[in-house]
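**Q** Below you will find the structure I want to go over with you.
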Amino acid sequence: LKYADRRGHSFAVIIGQSEFDAGTAQIKVLSSGESVEVPVAELATSLLAMVEA
């Protein structure tokens, strides 16, 4: 997360073992620290909506 923040990225996608097992991903908004869990199948759509917001 520090690497992404230093590079100026707005979001980070986290898929750890528990997310992998559940078929989900965490999208972390680096500016606010907010984290949203979404199904992997909806990851691209969710990221696009967050970028356009």
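Oh and the sequence shown: position 46 is 992 in my numbering, straight run, nothing missing.
Cβ coordinates follow ideal geometry from the N, Cα and C atoms, glycine included.
Quick check: the Cα distance between GLU998 and ILE960, rounded to an integer number of angstroms?
**A** Walking along the sequence shown from the start, residue 998 turns up at place 52. Walking along the sequence shown from the start, residue 960 turns up at place 14. Just so you know, the alpha carbons of GLU998 and ILE960 end up roughly 20 Å apart.
**Q** Which partner residues does LYS974 have in the DSSP bridge list?
**A** In the sequence shown, residue 974 corresponds to position 28, counting from 1. LYS974 is bridged to ALA958, SER981.
**Q** Taking Cβ to Cβ, would you say ALA920 is nearer than 9 Å to LEU947?
**A** With the chain represented from 947 up to 999, any question about residue 920 goes unanswered, as that position is not in the structure.
**Q** Start and end of the alpha helix (DSSP H) containing VAL997?
**A** Position 51 of the sequence shown, counted from the start, is the residue given in the question as residue 997. Residues 989-998.
**Q** Note down the Cα distance separating GLY979 from LEU993, rounded to an integer number of angstroms.
**A** Along the sequence shown, one-based indexing puts residue 979 at 33. Along the sequence shown, one-based indexing puts residue 993 at 47. The alpha-carbon atoms of GLY979 and LEU993 are separated by roughly 15 Å.
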